[in-house]
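Okay, so the sequence shown: first residue is 344 according to our numbering, each after it adds one. Backbone N, C-alpha and C fix where the C-beta goes; we use that ideal spot for every residue, glycine too. Please read the structure below before turning to the comments.
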Amino acid sequence: MSSSQNIDAYFKSLDNSFLEFSSLQAMYEILENSSTDLRFKMNFWSKFISTSLAYGKDKVVDSIILFVLGRSDCHSTATLITVLKALASQKRFQEFESLYVLIRSRLSPTDTAAYAADMSAALCLTPFYKEAKKFLYMSFERKAPVGSFTHFLSAAATFGPLDEALSFIYELQPMGLRPTHDFYLAFLKRLQGDEGKQKMISLLEAVNTCQCVIPNSTAVLIKDWFEQYGWRGTMGVTLSGILCNSCLKHLKKVHFDTVTCSQLAERFYDYVLQGRNSDELLLTTTPNELDSFHAFLKITSCPFDCVVDLPNYLHTVSNRKLSTLSVEEQTNLLSDGLGPTYRFDPSVYFLFLRNAVLVNSLRRKRSACISLYKTCTHFSDICQVQVVHRIQNDPSKI
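Following this line, the structure appears as structure tokens:
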């Protein structure tokens, strides 16, 4: 267990049994050795707890929590915050409150700003979620990204009065925060009888007033709730500009005329695909990829509007490994990216899969390539799809 490369494997291999204090103390002493990598040392306990939680090793987690809390002065703020989240997930709210007070007493103003999102995430798993508002407003005033604070609304719908949860939708709307699917899920679970119907009306009014975007999964959830009462209706859709992933502000729609589009396409090809010098080529495509693209241009008679580096795009919009995403999930992510453009100019799309990524994936896991191909072909019913590759020129071989 000398490096971060095998730390995950070590944690996963542990039995779900209570770890003796002496064993944890021995680990602590090894970490304190001057020869131990500093980054490894800083992340060890947090990684130990989060991995054990992810794999349902509750007894391991309990033993680490007991060890850390017994010597809280010897552990970093990051480790204590990880313990705080673990206590919240286990609903050990009394211990959570005591540790929260201790952590706050240790935070300098700079530390408070740095750990604002993490502290808020922990608080929003508990009835103390209102404390998270302090961190939210502080981050907003400092012009820091607030996208990670959307869990505050979900916490309000889970632990607080529903009227108050609705008021927060209006209050946080100027910051660009909108309810997530978890908010609607928690809100609808608490609706009962005639009072629940009135709360639903108030919720839809808030959603309409604040122009909240409702994804497909949430729309189905609301539809199912209405069907419990035999209600029928038509859900309207208002197209709006896309959001910035960081600050959640609405971005203005950009409209290009045909000439401008052609100029952009030419510049894209010159700078991104071909590259004008060796430095630019290092940042663009490989020679084999460019050969595949040239071959495609020679045989196609249809125009195309965009080039999508699908593997990198999916990695950008999701923190999960590509091989773990189902075809449906990949399709939804790609649809979210192409959707706004497709509404403005519904012509042909060209999906360009980077060959180097595909070949590397093929060597590691063939199913990853198959999944990518299925994702592209899934779009054949809404737009023309052309997959470029260099594996025997046969998509079925991917």
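If we count the other Cβ atoms within 10 Å of its Cβ and call it buried at 16 or more, is residue i buried or exposed?
| i | result |
| --- | --- |
| T379 | exposed |
| R449 | exposed |
| W574 | exposed |
| I544 | exposed |
| H637 | exposed |
| T453 | exposed |
| C555 | buried |
| T493 | buried |
| L668 | buried |
| Y353 | exposed |
| V411 | buried |
| R382 | exposed |
| S770 | With the chain running from 344 to 741 in the structure shown, residue 770 is simply not present. |
| K542 | buried |
| D351 | exposed |
| V444 | exposed |
| V607 | The sequence as given places Leu at residue 607; Val does not occur at that position. That one is exposed. |
| F364 | exposed |
| S395 | buried |
Quick one: what does DSSP say residue i is sitting in, helix, strand or coil?
| i | result |
| --- | --- |
| A352 | helix |
| V700 | Here V700 scores only 36 on pLDDT, less than 50, and its place in the model should not be relied on; the value that follows carries that caveat. Correct three-state label for V700: helix. |
| D405 | helix |
| G399 | coil |
| S389 | helix |
| C604 | helix |
| V556 | coil |
| L479 | helix |
| S360 | coil |
| F383 | helix |
| F471 | coil |
| R610 | helix |
| L668 | coil |
| G413 | helix |
| L367 | helix |
| L520 | coil |
The alpha helix (DSSP H) with residue i in it runs from where to where?
| i | result |
| --- | --- |
| E375 | Per DSSP, E375 belongs to no alpha helix (DSSP H) and is neither H nor E. |
| P452 | P452 to A457 |
| R447 | F436 to R449 |
| K486 | Counting along the chain, K486 falls outside any alpha helix (DSSP H), and DSSP gives it neither H nor E. |
| W568 | N559 to E570 |
| Y527 | H524 to K532 |
| V550 | G536 to T552 |
| E514 | L505 to L515 |
| V426 | T420 to S432 |
| L496 | H494 to F502 |
Are the beta-carbon atoms of residue i and residue j separated by less than 8 Å?
| i | j | result |
| --- | --- | --- |
| A429 | I408 | yes |
| F478 | A500 | no |
| F526 | S497 | yes |
| A475 | S491 | no |
| I424 | Y458 | yes |
| L509 | A562 | no |
| L468 | V403 | no |
| A397 | A431 | no |
| T422 | W388 | yes |
| N359 | K400 | yes |
| R485 | A456 | yes |
| F471 | E507 | no |
| V489 | L520 | yes |
| G357 | S406 | Note that residue 357 is Leu in the sequence shown here, rather than Gly. No; because the gap between Cβ atoms is not below 8 Å, this pair is not in contact. |
| V426 | I392 | yes |
| L515 | L564 | no |
At a cut-off of 7 Å, is residue i close to the ligand ATP when judged by its beta-carbon and the heavy atoms of the ligand?
| i | result |
| --- | --- |
| D454 | Because no ligand of any kind appears in the structure shown, any question about the ligand ATP cannot be addressed here. |
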